[in-house]
Amino acid sequence: MDRLRFRIKNDGFKFFHLILAFNILTVLICSATISSILYGRLNQTVNKQNEEFMHYATSQALNGLANIMESCELIASDIYSDSTVANLFLSAYGGNVDYTLFHQFIGINNRFENYVATNIDIRSITIYKMDPELITDGKNIRSIESFSRQDLMKKAIDARGKNVWVTYEKEGGGTSILLLKYININLPGGILAIEMNLERLSNLYKGDPNAKYLMYLLSEGRTVFSSNPDIQLSPETLAGVNKHMQSDQVYSTLKQGQDDYYSYYGKVNGALTAVILYDAYELGKEKRSIAKYVLICTLFFILFGVALAIVFSTRFASAIEKLAGKMKAIEKGRLRLSPDRTYIREIAALDHTLCHMAQTIDGLTADVAKTERQKVESEIKYLQMQMNPHFLYNLLSAVRWMAFRKSEHKIVQIIDLLSDFYKIALSQGKDLIAMKSEIQLIEHYVALQNCCLSDQIMLAVHVDPGLEDLAICKMTLQPFVENSIIHGRIHGQALHIMVDIRQQEDRIAIMIQDDGMGAKESFGSYMESLNNGETSAIKVGYGVTNTFMRLKLYYRNARIHVRQGHPGTIVELSFSVGDHRVR
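Note that the sequence shown covers residues 10 to 592 in my numbering.
So this is what it looks like as structure tokens:
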């Protein structure tokens, strides 16, 4: 950490901090993304489990309620088929007291009381007679006018003997759940009413004192039963349940008072709706546990990732700093560097390349220094050689003066030719001279040779107009003219040499032809190898080789071809030049 703090103080916001910030940001983004995905998947699983739990709890409640209602319906079916009840509506009776009818009433009352006593799901059984002439008002048989909700009676009559479940508010208070069945054995008949025992529901669905679990039975938009009478559905909650029922959303989240509940509802026989509420905080324990676990894992990954980012960034920055130090060393001239050991492959490659480059620069620097020394030495030698021509000129001038005093005109002519020849050959150290100077050079050379060979060398030169001032390498034609004289001349015979200089498009073509004995085939092969850039083991003519190399140096696509002239030899030179002229 001290090293990291030192780097921050001294370097400021540099590459190291950018790498560190990028790595930490990457760790945070990755950790947050993974945690979000993990929490979302686990949360989805927990929500699915909660929904399955609520579905199971509601199914259990509905099954219990369905069993109670099925028990009531079985008793209603038994009563409907009971002969005593049938005889009540089939017997002939008048307005007076009939003891047989009275005994029937007593039997029906006893039977109903027995049903109530032996079945805990039923609170009461009553038949509401529809014939006003039937003198039978009592506890279990009453006139239909005594029932306050005639609309419910009409609903049962319209059902034509089918079971009808209804709820209504009693006059003394409270809610009743009734099974109504129209007994139409003999018109006008009556209505069988079996009241469900709500205490049975209270025992079956005993309320949780902590209000974690609540069950409600709804009918016609109002509550007819609550497992915890102290906690009634608020109007807002009831409205939310009705809204979800209309949209067929059986599983939802509702707010009851200050608490949040998961809700699930289901219908029984189309008459009652059972609503189960379970405390969301209680069911959310597992979700909170998952959130805590995900948070701990996220913090661990973040801390671990940040630690790795710091370690990696520090090592990477250290390697970069070493490379920067080596660059500064190279800048100061310390070029003998060796690669450092590192486990980062890319940095190792850069380090190796940098050290190799430094070593290469060191070698090139040594070569440049050596070249500079050689250049200085050459310049010194050149200055020394400059002294020799001046000495030669002075010596020739003295010899010419002595020959002139003694009237030795031939010697004077030779000395003049030799002086002019060397004056052009040396040309004040220039490498390029005008074409006309090069022609004068070979003419002086041939004249000097004729002094020794009794004028047996015949030279003819043709130059295209406009090429006299063209710049050409000094001593380009002389080596080939010399070869013709030395190697091509037949002893005792005259030798004709023709030099033809022409321009062909953007190239200069020079042909040197003689009528001597002809060049050897090895000489032509050697020149072809030079044209192809090949190195030949056969060395033919230093002057010709030197001329070719100088042409290659100054001109593009320089070529020299040698062929037999039958008789003699033909040498063809060609090269591309720009508008280089000697002014």
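For every residue, glycine included, the Cβ atom is placed at its ideal position computed from N, Cα and C.
Less than 7 Å divides the Cβ of valine 508 from the Cβ of valine 470. Note on geometry: alpha-carbon atoms of isoleucine 153 and aspartate 167 lie some 15 Å from one another. When the alpha-carbon of glutamate 477 is set against those of Ala503, Phe309, Ile448 and Ile466, the nearest one is in Ile448. If you draw a straight line from the Cα of tyrosine 260 to the Cα of methionine 205, it comes to about 28 Å.
Around the CB of histidine 453, 16 or more other CB atoms lie within 10 Å, so the residue is classed as buried. Burial is judged here by how many other beta carbons sit within 10 angstroms of a residue's own beta carbon; tyrosine 535 has at least 16 and is buried. Leucine 34 and serine 44 have their C-alpha atoms some 15 Å from each other.
Taking 7 Å as the cut-off, the Cβ atoms of isoleucine 579 and glutamine 513 do not count as close. Rounded to the nearest angstrom, the Cβ distance from leucine 344 to alanine 367 is 5 Å, consistent with a contact under 8 Å.
A Cβ-Cβ separation of about 42 Å leaves methionine 139 out of contact with tyrosine 273 under the 8 Å criterion. Listed in chain order, the non-local C-beta contacts of glutamine 502 below 8 Å within the same chain comprise Gln465, local neighbours out to five positions each way being set aside. In the structure shown, aspartate 167 falls within a helical segment according to DSSP collapsed to helix, strand and coil.
Here methionine 558 is exposed. Its C-beta has fewer than 16 other C-beta atoms within 10 Å.
Taking C-beta atoms under 8 Å as the contact rule, tryptophan 174 and leucine 188 qualify, at a distance of about 6 Å. Two segments are said to touch when three or more pairs of C-beta atoms, one from each, lie closer than 8 Å; by this definition the region 48 to 57 touches the region 291 to 304. Per the Cβ contact rule, the region 69 to 79 is not in contact with the region 334 to 344 (fewer than 3 Cβ pairs under 8 Å).
The bridge partners DSSP lists for glycine 199 are Lys138 and Ile192. 7 Å or more divides the Cβ of alanine 280 from the Cβ of leucine 226.
The C-beta of asparagine 566 has fewer than 16 other C-beta atoms within 10 Å across all chains shown, which makes the residue exposed. Across the structure, arginine 151 and glutamate 180 are spaced so that their CA atoms are roughly 17 Å apart. The DSSP-derived three-state label of aspartate 376 is helix. In the three-state DSSP reduction, histidine 505 falls in the strand class (E or B). For tyrosine 214, the closest of Ala480, Ala70 and Ile370 by C-alpha to C-alpha distance is Ala70. If you check the CB distance, lysine 190 and leucine 201 come in under 7 Å.
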